[in-house]
Amino acid sequence: MKVWKRYIILTFVCTMIGIITGSLFQSSYFNGLKELMDNYFMGIKSRMEYLDANDNIQILLRTIIKRFGSFVIMWLLGELAVVRIYIAWLCGKFGVVSGFLIIFFLMAYQTRGIIIILLWSMPQIILYGIAYIGSALYIIYGFSRRKGIIITLLSILLAAGCICETYVNPMLMELFV
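Going from the sequence shown to the working numbering is simple: count from 1 and add 40.
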């Protein structure tokens with residue numbers, strides 16, 4: 041079986057684990073997390089009204105640091121055998137967190153939860169996905185040509201995702217949530 045298929049299966053299994061875990065432990069976290077998310081949505085709405093350009097730039101910088109961290113670590117580990125373990129950890133983490141959030145939003149907001157999930161993750165998840173998957177495939181299969189260009193293009197996609205997450209996402213959430 042090809043390596044990338046194993047990572048897809050791992051992500052799927054971890055997503056199912058996140059969904060099952062979220063369902064099983066619903067009674068221990070549900071009310072507190074629902075209240076936290078409601079406050080978060082109200083915060084998004086007020087953020088659009090009260091934040092100035094400097095505040096948004098700080099949020100963008102925080103987002104860039106957060107998103108580029110694992111990207112840079114993946115490329116730094118690219119020459120070591122440990123990179124496969126790191127990629128597996130990223131797939132597992134993404135799967136568990138996604139599964140947990142999906143089941144939470146569906147239980148808390150029913151059909152509106154689907155809209156919230158889509159608005160919260162789109163369009164940046166597509167850009168992040170291309171950047172991370174492209175990096176992982178490039179590193180795993182050991183392509184050595186045009187490494188600088190590939191890293192630059194994937195970094196631009198990641199930066200575009202950060203801009204979407206900082207500026208586009210809050211506007212979409214404000215309109216539809």
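For each residue, glycine too, the CB sits at the ideal point set by N, CA and C.
Since we're looking at a predicted model, the values are computed, not measured.
Which residues in the same chain have their Cβ closer than 7 Å to the Cβ of L194, if we skip the five residues on either side of it in sequence?
-> Excluding positions up to five away in sequence, the list reads A171, G174, S175.
Sequence-distant residues of the same chain with beta carbon closer than 6 Å to G139, five excluded per side = Here the set comprises T55, G58, I59.
Along the chain, where does the alpha helix (DSSP H) that runs through M56 open and close?
-> It spans 43–64 - the alpha helix (DSSP H) in which M56 sits, taken as one unbroken run.
What is the rounded straight-line gap between the Cα of Y149 and the Cα of F70?
-> Rounded to whole angstroms, Y149 to F70 spans 12 Å at the Cα level.
Among E205, I142, T61, L215, nearest to Q98 - alpha-carbon criterion | Taking only the C-alpha atoms, the option nearest Q98 is E205.
Could you tell me which of W160, I179, S110 sits nearest to V43, measuring between CA atoms?
-> The candidate whose alpha carbon is nearest that of V43 is I179.
Is A199 helix, strand or coil when you go by DSSP?
-> A199 sits in a helix when the DSSP states are folded into three classes.
Is the beta carbon of Y47 less than 8 Å from the beta carbon of I127?
-> The answer is yes: Cβ separation under 8 Å.
Hey, is the stretch 128–137 in contact with the stretch 152–165, meaning 3+ C-beta pairs nearer than 8 Å?
-> Three or more beta-carbon pairs separated by less than 8 Å are not found between the stretch 128–137 and the stretch 152–165, which leaves the two stretches without contact.
Short Cβ contact (8 Å threshold) for V123 with M114 | Contact annotation: V123 and M114 have beta-carbon atoms nearer than 8 Å.
For the candidate residues G169, G188, I142, G118, whose alpha-carbon lies nearest to that of G182?
-> Of the candidates G169, G188, I142, G118, G118 places its Cα closest to the Cα of G182.
Scan the stretch 120–170 and note each continuous alpha helix (DSSP H) run of 4 residues or more that stays entirely inside, going in chain order.
-> List check, alpha helix (DSSP H) in window: 123–161.
Count the other C-beta atoms from every protein chain shown that fall within 10 angstroms of the C-beta of Y80, then say buried if there are 16 or more, exposed otherwise.
-> By the Cβ-count criterion, Y80 is exposed, with fewer than 16 other Cβ atoms from all chains shown falling within 10 Å of its own Cβ.
Residue interval of the alpha helix (DSSP H) (run including F216) | Run containing F216: 209–216, per the alpha helix (DSSP H) assignment.
Looking at the structure shown, is G182 part of a helix, part of a strand, or coil, going by DSSP?
-> DSSP places G182 outside both helix and strand once states are collapsed to three, so it counts as coil.
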